[in-house]
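Numbering (the UniProt record's numbering), first residue to last: 1 to 112.
Where is the CB? At the ideal position from N, CA and C, for every residue including glycine.
Remember, it's a predicted structure, so these values are computed and weren't measured experimentally.
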Amino acid sequence: MAEDIEEIRKKKLLELQKRLAEQQKEEEERVRQEMELEAQLNAIMKQILTPEARERLARVKLVRPELARQVELILVQLYQAGQITERITDEKLKKILAQIDARTRREFRIKW
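Right, here's the structure in full:
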């Protein structure tokens, strides 16, 4: 009887270890895919943004990462659709940021 319990414990332990290893492998794959996506985004941003605009976007990413990500995704879509024909300057990027920020910003009102 004690041997049966010990055998069950060993099987459970092996099962848990196997499951943990699978989860770690999945997490590593997810991280690798995210890094690959980020590298692709950066490569496209280098092609379509001037250095000043890239610098601004990097600063925005520090303060408002969700806004920066939206802008990046929109720019990539426009680039892939062939709608971006020249590099985007800092001034153009400011306008794009303002437009997207205005669309996504929520206004909070406190009533007394």
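For residue i, the three-state DSSP class (helix, strand or coil)
i    : result
I88  : strand
I110 : coil
R105 : coil
Q99  : helix
Per DSSP, the bridge partner or partners of residue i
i   : result
L49 : I88
Cα-Cα separation between residue i and residue j, rounded to whole angstroms
i    : j    : result
E15  : E28  : 20 Å
E86  : I96  : 15 Å
A58  : R30  : 23 Å
V71  : K12  : 48 Å
E91  : F108 : 29 Å
R32  : K25  : 11 Å
A53  : I88  : 7 Å
R69  : E3   : 57 Å
D101 : M35  : 26 Å
Cutoff 8 Å: residue i Cβ touching any chain B Cβ
i   : result
Q80 : Chain labels in this structure do not include chain B; a single protein chain is all it has.
Notebook entry, point to check: Enumerated in chain order, which unbroken segments of the alpha helix (DSSP H) with a length of 4 residues or greater are wholly contained in the stretch 8–80?
Noted result: Taking only runs of at least 4 residues, the alpha helix (DSSP H) segments lying wholly in the stretch 8–80 are 51–63 and 65–80.
Notebook entry, point to check: Would you call the stretch 36–53 and the stretch 3–19 touching, i.e. three or more CB-CB distances under 8 Å?
Noted result: In short, these stretches do not touch, since the Cβ pair count stays below three.
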